[in-house]
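Engineer: Chains as they are written, first to last, in this note's numbering: chain D, 10 to 375; chain V, 10 to 375.
There are 2 protein chains.
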Amino acid sequence: MTAFQELDTPALLFDLDVMEANITEMAKVASDAGVRLRPHTKTHKSPEIAAMQIDAGASGITVAKLGEAEVMVEAGQTDLLVAFPIWGESKLRRLRALSERAAIRVSLDSVEVAEGIGRVGAELGRDVPVLVEVDTGLHRLGRPPLGPTVDLALAIARVPGVEVIGLLTHAGHAYRSTTPEELRRGAEREALDLVETADRCGRVGLEVSEISVGSTPTARVAATVPGVTEVRPGTYVFNDVQQMRLGVATEQDCAARVLVTVIARPSAERFVVDAGSKAFSSDGGDGPPFPGRGVVIGRPELVLDFMNEEHGVGHIQGDAELSIGDRLQVVPLHACSAVNLFDVAIGIRGDSVARELAIAGRGRMR
Amino acid sequence: MTAFQELDTPALLFDLDVMEANITEMAKVASDAGVRLRPHTKTHKSPEIAAMQIDAGASGITVAKLGEAEVMVEAGQTDLLVAFPIWGESKLRRLRALSERAAIRVSLDSVEVAEGIGRVGAELGRDVPVLVEVDTGLHRLGRPPLGPTVDLALAIARVPGVEVIGLLTHAGHAYRSTTPEELRRGAEREALDLVETADRCGRVGLEVSEISVGSTPTARVAATVPGVTEVRPGTYVFNDVQQMRLGVATEQDCAARVLVTVIARPSAERFVVDAGSKAFSSDGGDGPPFPGRGVVIGRPELVLDFMNEEHGVGHIQGDAELSIGDRLQVVPLHACSAVNLFDVAIGIRGDSVARELAIAGRGRMR
Numbered sequence: 010m011t012a013f014q015e016l017d018t019p020a021l022l023f024d025l026d027v028m029e030a031n032i033t034e035m036a037k038v039a040s041d042a043g044v045r046l047r048p049h050t051k052t053h054k055s056p057e058i059a060a061m062q063i064d065a066g067a068s069g070i071t072v073a074k075l076g077e078a079e080v081m082v083e084a085g086q087t088d089l090l091v092a093f094p095i096w097g098e099s100k101l102r103r104l105r106a107l108s109e110r111a112a113i114r115v116s117l118d119s120v121e122v123a124e125g126i127g128r129v130g131a132e133l134g135r136d137v138p139v140l141v142e143v144d145t146g147l148h149r150l151g152r153p154p155l156g157p158t159v160d161l162a163l164a165i166a167r168v169p170g171v172e173v174i175g176l177l178t179h180a181g182h183a184y185r186s187t188t189p190e191e192l193r194r195g196a197e198r199e200a201l202d203l204v205e206t207a208d209r210c211g212r213v214g215l216e217v218s219e220i221s222v223g224s225t226p227t228a229r230v231a232a233t234v235p236g237v238t239e240v241r242p243g244t245y246v247f248n249d250v251q252q253m254r255l256g257v258a259t260e261q262d263c264a265a266r267v268l269v270t271v272i273a274r275p276s277a278e279r280f281v282v283d284a285g286s287k288a289f290s291s292d293g294g295d296g297p298p299f300p301g302r303g304v305v306i307g308r309p310e311l312v313l314d315f316m317n318e319e320h321g322v323g324h325i326q327g328d329a330e331l332s333i334g335d336r337l338q339v340v341p342l343h344a345c346s347a348v349n350l351f352d353v354a355i356g357i358r359g360d361s362v363a364r365e366l367a368i369a370g371r372g373r374m375r
Numbered sequence: 010m011t012a013f014q015e016l017d018t019p020a021l022l023f024d025l026d027v028m029e030a031n032i033t034e035m036a037k038v039a040s041d042a043g044v045r046l047r048p049h050t051k052t053h054k055s056p057e058i059a060a061m062q063i064d065a066g067a068s069g070i071t072v073a074k075l076g077e078a079e080v081m082v083e084a085g086q087t088d089l090l091v092a093f094p095i096w097g098e099s100k101l102r103r104l105r106a107l108s109e110r111a112a113i114r115v116s117l118d119s120v121e122v123a124e125g126i127g128r129v130g131a132e133l134g135r136d137v138p139v140l141v142e143v144d145t146g147l148h149r150l151g152r153p154p155l156g157p158t159v160d161l162a163l164a165i166a167r168v169p170g171v172e173v174i175g176l177l178t179h180a181g182h183a184y185r186s187t188t189p190e191e192l193r194r195g196a197e198r199e200a201l202d203l204v205e206t207a208d209r210c211g212r213v214g215l216e217v218s219e220i221s222v223g224s225t226p227t228a229r230v231a232a233t234v235p236g237v238t239e240v241r242p243g244t245y246v247f248n249d250v251q252q253m254r255l256g257v258a259t260e261q262d263c264a265a266r267v268l269v270t271v272i273a274r275p276s277a278e279r280f281v282v283d284a285g286s287k288a289f290s291s292d293g294g295d296g297p298p299f300p301g302r303g304v305v306i307g308r309p310e311l312v313l314d315f316m317n318e319e320h321g322v323g324h325i326q327g328d329a330e331l332s333i334g335d336r337l338q339v340v341p342l343h344a345c346s347a348v349n350l351f352d353v354a355i356g357i358r359g360d361s362v363a364r365e366l367a368i369a370g371r372g373r374m375r
C-alpha cells in the first residue's frame, strides 16, 4: 500500500473515520424517528460503502439507474429502489433480470412508464412495486401534491402488473434555502405534502404504505413528521461545501476530499493546483460563507477562484506561506459529482492509507 | 453492431462526417497559414481520433497529463507536448519512461518545476525540451509577457537538463469575448504578446524557435500572425454550444451529442430527459442566443432549463409535440467535459452506427 506521503495527486480521499461517523449518525436519526433509512448510493457508487450503510441499519438502498443497481445486486444488495422512471425494452429486460435476483421497487410519474413496468410484472407473474413521484417544489418529475397526484396514482394503480405501494419525492429545492428556518419549514412541508396526499389516496380507496422523503439537508426534519416511513439521504456519507453552506455539516464532517499539489505560484498572491473541473466537477455555486470552488481543509486563507479542466486557480488572503509542491486537501462543492469522476478512492485514517475503494458504479451511464 | 434505433440512452454520439470535416478544416487553417497544428487531445482522449488528426496533417499532439500521454504513446503517437507543469518523483519517473519512447516536450512556468524536469534530462543524457508558459490574460499559469517572462525564461534556461525551445500560452480568456471583433483582437494580442516576448528573449541571447498559441476560438486568427509556429486547438474536433456562442461554429458543425430519451412529461410545458450533469457535466454557462443547458439538434423550441445528476429538465416553447419515449440529440455546452464522463462513444454516419470509439484516456486522473 502506498504511504500517504507518496500518494500521487490528484487523488480522491475518503476519511473513513469521518465517513463511519456520518453513517452512524444518520442511521440513528432514522432509528430515533422510527423510520427506515434507504440511503441514495449514487453519492458513492461503492458496494463497500453500501454494505457499511446496511450494516449500520439501513433497510435497503436507493440507486439512480439500472447500471448502479446491477453493481449493487452483484455485490449482494437485496432490497433496492431505482428512483428513476424506467423506459424502453432494453432497460425493461434488465429490470426483469434484476427483479429475479433482488427486491426491486421503482419510482415513476406517468401511466406510460407504468405500462412498460407492468409488462415486466406480467412476465414475472407478480406485480412490480412502484412509488408515485410527487412534485413538492423542485419542478422536475411528478405532479403537485393532493388532487393531481391522487388522480395520477389512481390511474397508475389501474395498470396491470404494477402495485402502487407509496409516494416519493425529492425536495431538491431545499438546496436553495437561505436560512436554517427556511430549510426546516421546507423539510416539514415536503413530508406533510406526501402524508396529506397519501391520506387523500386512502379516502378514495388507494391505500399506500410507503412515504419516502428526505435528502441530506431535509432528512433530519422530515424523518420526524408522523406518517413518513422512509428517508433517502445520499450526500450525508461524505458531506460537502453545499451541506456546509446549508448549515447541516461542518468542515470536520466532510469525508470526501481531493488531494492536490500546488504546481505553480505565478505571483505573490496566486497559486495553481493540479486538479480542476475534471476532478471536482463544475457542480455547485460559489458563495459565502465559504467562497470559492472548494474548501481547503484547515487553510481558510486559500481561496480557489476558478477551475479549468485540469487547473484549480486560487489566491492567498493575507501572508500565508505556500510553495510549489505543498499538498492540500480540498472539499468539493458537490461530493456526488466529484466522486463520479474517479474510478477509485483512497480510504484514509488520519494521515495513513487504510485501503482502496472502487467507485464500481462509475461509468454505468444507463 | 446495435442499430441506431436500438441504442440505449444516454449515449455519447460522435457524428463522424462532421468530425472528419472539422479535422480537415483546421488542418487546412494551419497549412494555409504555414504553421504546425498540435491539437489538444484532452477534448476526445481517443487514440483513434488522435491518429485521424495526425493523418490529416497535425505534426504532433498536445495532452494535459501524463496519463493521457501514456495512452497516446501506447497507441503509437511519437511527438507529444504535455501542457502542464510536471512535479513530483512519481510523475518525473513516468516522464522519463515516456521520453524513452517518444519525443516529449513539456510546458512550465517556474524554476522549481524546471529543476525536477532537468533531473530527468540528466538521467536521459539529453536536455528535455520545455516551453515557458506566458500569461496573456487568463491569469492562470505564467507571468505577463515581455520583461517578466524574459526574466523567467532566462532563469529556466540556466537549469541543467532542460532546453527552452519556445513560449506557449493558453488564452482561455477568449471565451469571455462578447463580439467577434473582441475575439479577433484578443487572438491577435495573444499571438503578438508571444512573438514580441520571443523577440526580447532573442535580444538577450535566448533564441526560442517555437511560438505555440491558439485555442479553438482563437486559432484561425492567431495562426496568421507572423512568428507563430504552432497552434493547439482542441474543441474544434467536436465543437459545442460554447463555440456556437462565440460564433466559430454552427449547430451543423457540432459532432459530439448526447442521445437522450424523454422519460417524463409532468405538465403541458415541462419535459424531462434521462441525462443530466453526470452525462453533460455542469461546465459552461446558459445564455443567448442559445439558452439552456445544451442545444437540442433541430428542435430550437425545446429548452433545457436545468440539470440534476441524472435528469435534464426543460420546457417547450410554443405547441410542439413531444412524447415520453421520444429521442433527442443534445449538443453539450462544453464538449471536453461531457466526453470525459463516458468510457465509450458511438460513431455515427447519418442515422447509422458506424463503430464504437473508446475514450481510452478517461479516468487517467494523473
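Note that the Cβ used here is the ideal one computed from N, Cα and C, for glycine as well.
Can you find at least 3 beta carbon pairs, one from the stretch 152–169 of chain V and one from the stretch 96–113 of chain V, that sit closer than 8 Å?
Structural biologist: no
Engineer: Flag V:S186 as yes if its beta-carbon sits less than 9 Å from any beta-carbon of chain D, otherwise no.
Structural biologist: Start at 1 with the first residue of the second sequence, and residue 186 of chain V comes out as number 177. Output row for V:S186: interface = no.
Engineer: Near D:E310, what residues of its chain come up, given a Cβ to Cβ distance below 8 Å and the 5 sequence neighbours on each side ignored?
Structural biologist: The residue given as residue 310 of chain D occupies position 301 in the first sequence. Result list for D:E310: I325, Q326, G327 and A329, in chain order.
Engineer: Just verifying my parser: in three-state terms, what is the DSSP assignment at V:A180?
Structural biologist: For the purposes of this step, residue 180 of chain V is identified with residue 171 of the second sequence, where counting begins at 1. V:A180 falls in the coil class under three-state DSSP.
Engineer: Using CA coordinates, which residue listed in D:A231, D:A264, D:V139 and D:P48 is at the minimum distance from D:V250?
Structural biologist: Taking the first residue of the first sequence as 1, we reach residue 250 of chain D at position 241. Nearest option by C-alpha distance: D:A264.
Engineer: Residues in the same chain with beta-carbon distance under 7 Å from D:L133, minus the five sequence neighbours each way, listed in chain order, please.
Structural biologist: Within the first sequence, numbered from 1, the residue matching residue 133 of chain D stands at position 124. Excluding residues within five positions, the ones whose Cβ falls inside 7 Å are R105 and S108.
Engineer: Using only alpha-carbon positions, find the residue among V:V282, V:G372 and V:T87 that is nearest to D:N376.
Structural biologist: With chain D represented from 10 up to 375, any question about residue 376 of chain D goes unanswered, as that position is not in the structure.
Engineer: Pull the bridge partners of D:F315 from the DSSP assignment, please.
Structural biologist: As a working mapping, residue 315 of chain D is identified with position 306 in the first sequence. BP columns for D:F315 point to D:V322.
Engineer: Taking the alpha-carbon of D:V27 as reference, which of D:T11, D:S116 and D:E260 has the nearest alpha-carbon?
Structural biologist: Looking up residue 27 of chain D in the first sequence gives position 18. D:V27 has its Cα closest to that of D:E260, out of D:T11, D:S116 and D:E260.
Engineer: Could you give the DSSP three-state label for D:P138: helix, strand or coil?
Structural biologist: Counting from 1 along the first sequence, the entry for residue 138 of chain D is found at position 129. Reduced to three states, the DSSP call for D:P138 is strand.
Engineer: Beta-carbon of D:P19 versus every beta-carbon of chain V: anything under 9 Å?
Structural biologist: On the first sequence, position 10 is the one that residue 19 of chain D refers to. Residue contact check for D:P19 against chain V: a CB pair falls below 9 Å.
Engineer: Starting from the C-beta of D:L331, find all residues in its chain whose C-beta is less than 8 Å away, skip the five residues before and the five after it, and write them out in chain order.
Structural biologist: Taking the first residue of the first sequence as position 1, residue 331 of chain D is located at position 322. Excluding sequence neighbours, D:L331 sits near V271, R274, F280, L311 and I325.
Engineer: Between V:H53 and chain D, is there a C-beta pair that is closer than 9 Å?
Structural biologist: If you number the second sequence from 1, residue 53 of chain V lands on position 44. False, the Cβ-Cβ gap to chain D never drops below 9 Å.
Engineer: The ligand SAH and D:I220: does the residue's C-beta get closer than 8 Å to at least one heavy atom of that ligand?
Structural biologist: What this structure holds is no ligand at all, so the ligand SAH is not there to describe.
Engineer: By the criterion of Cβ-Cβ separation under 7 Å, what are the contact partners of D:V129 in chain V?
Structural biologist: In the first sequence, counting from the first residue as 1, residue 129 of chain D sits at position 120. In chain order: nothing, as chain V lies at least about 16 Å away.
Engineer: Put V:E191 into one of helix, strand or coil per three-state DSSP.
Structural biologist: As a position in the second sequence, residue 191 of chain V is number 182, starting the count at 1. Note: V:E191 maps to helix in three-state DSSP.
Engineer: Is DSSP giving V:T238 helix, strand or coil here?
Structural biologist: Taking the second sequence and counting its residues from 1, one reaches residue 238 of chain V at position 229. DSSP places V:T238 in coil when its eight states are reduced to three.
Engineer: Quick check on DSSP: helix, strand or coil for V:F23?
Structural biologist: One-based indexing of the second sequence puts residue 23 of chain V at position 14. In the displayed model, V:F23 falls within a strand according to three-state DSSP.
Engineer: Which full runs of the alpha helix (DSSP H) of 4+ residues lie inside the stretch 276–309 of chain D, going along the chain?
Structural biologist: The alpha helix (DSSP H) runs of length 4 or more contained entirely in the stretch 276–309 of chain D are, from start to end of the chain, 286–289.
Engineer: Considering just the uninterrupted stretch of the alpha helix (DSSP H) at V:I58, what are its terminal residues?
Structural biologist: Taking the first residue of the second sequence as 1, we reach residue 58 of chain V at position 49. V:I58 -> alpha helix (DSSP H) spans P56 to D64.
Engineer: Confirm, please, whether the CB-CB distance from D:V143 to D:I126 is below 9 Å.
Structural biologist: Against the first sequence, residue 126 of chain D aligns to sequence position 117. Against the first sequence, residue 143 of chain D aligns to sequence position 134. Against a cut-off of 9 Å, the Cβ pair of D:V143 and D:I126 comes out as no contact.
Engineer: Indicate whether at least one CB of chain D lies closer than 9 Å to the CB of V:R105.
Structural biologist: Within the second sequence, the letter at position 96 stands for residue 105 of chain V. No, no contact with chain D.
Engineer: Please report the distance separating the alpha-carbon of V:H267 from that of D:F299.
Structural biologist: The sequence position of residue 267 of chain V within the second sequence is 258, counting from 1. The sequence position of residue 299 of chain D within the first sequence is 290, counting from 1. Note on residue identity: the sequence assigns Val, not His, to residue 267 of chain V. Rounded to the nearest angstrom, the two C-alpha atoms are 34 Å apart.
Engineer: Let me know the secondary structure DSSP gives D:S116 once reduced to three states.
Structural biologist: Indexing the first sequence from 1 puts residue 116 of chain D at position 107. Here D:S116 sits in strand by DSSP.
Engineer: Quick check on the DSSP output: the beta strand (DSSP E) that includes D:E98 runs from which residue to which?
Structural biologist: The residue given as residue 98 of chain D occupies position 89 in the first sequence. First-last for D:E98: E98 to S108, but that is the alpha helix (DSSP H), not the beta strand (DSSP E).
Engineer: Are the beta-carbon atoms belonging to V:G285 and V:N317 less than 9 Å from one another?
Structural biologist: Position 276 of the second sequence holds residue 285 of chain V. Position 308 of the second sequence holds residue 317 of chain V. Yes; because the gap between Cβ atoms is below 9 Å, this pair is in contact.
Engineer: Nearest to D:T227 by alpha carbon, out of D:H49, D:R194 and D:T18?
Structural biologist: Position 218 of the first sequence, counted from the start, is the residue given in the question as residue 227 of chain D. The option with the nearest alpha carbon to D:T227 is D:R194.
Engineer: Using a threshold of 9 Å, state whether the C-beta atoms of V:L342 and V:G307 are closer than that.
Structural biologist: Along the second sequence, one-based indexing puts residue 342 of chain V at 333. Along the second sequence, one-based indexing puts residue 307 of chain V at 298. Going by C-beta atoms, V:L342 is not nearer than 9 Å to V:G307.
Engineer: Using a Cβ cut-off of 8 Å, pull out every chain V residue sitting near D:V122, in sequence order please.
Structural biologist: By 1-based counting over the first sequence, the position of residue 122 of chain D is 113. Here the neighbours are I272, A273 and I333.
Engineer: Name the chain V residues that come within less than 9 Å of D:R375, Cβ to Cβ?
Structural biologist: Taking the first residue of the first sequence as position 1, residue 375 of chain D is located at position 366. Within chain V, D17, T18, P19, A20 and D283 have C-beta atoms less than 9 Å from the C-beta of D:R375, given in sequence order.
Engineer: Could you tell me the boundaries of the alpha helix (DSSP H) in which D:A367 lies?
Structural biologist: As a first step, residue 367 of chain D must be located in the first sequence, where it is residue number 358. Looking at the DSSP string, D:A367 is not in any alpha helix (DSSP H); the run it does join, the beta strand (DSSP E), is S361 to A367.
Engineer: By the 7 Å beta-carbon criterion, what residues does the stretch 66–94 of chain V contribute toward chain D?
Structural biologist: The stretch 66–94 of chain V vs chain D, Cβ under 7 Å: A73, K74, F93 and P94.
Engineer: List, in order along the chain, the chain D residues whose C-beta lies closer than 7 Å to that of V:G356?
Structural biologist: Counting from 1 along the second sequence, the entry for residue 356 of chain V is found at position 347. Per Cβ cutoff of 7 Å: no residues; V:G356 is ~17 Å from chain D at best.
Engineer: Any C-beta of chain V sitting closer than 9 Å to the C-beta of D:F299?
Structural biologist: Locating residue 299 of chain D in the first sequence gives position 290, where the first residue counts as 1. For D:F299, the answer is no, since every Cβ of chain V falls outside 9 Å of its Cβ.
Engineer: Find the residues of chain D that neighbour V:V322, judging by a C-beta separation of less than 9 Å, and give them in chain order.
Structural biologist: Taking the first residue of the second sequence as 1, we reach residue 322 of chain V at position 313. Ordered by position in chain D, the residues that pass the 9 Å Cβ test against V:V322 are L147, H148, R149 and L150.
Engineer: Anyone know if the C-beta pair for D:P56 and D:A369 falls short of 9 Å?
Structural biologist: As a first step, residue 56 of chain D is located in the first sequence; it is residue number 47 there, counting from the start. As a first step, residue 369 of chain D is located in the first sequence; it is residue number 360 there, counting from the start. Taking C-beta atoms as the reference points, D:P56 and D:A369 count as a pair closer than 9 Å.
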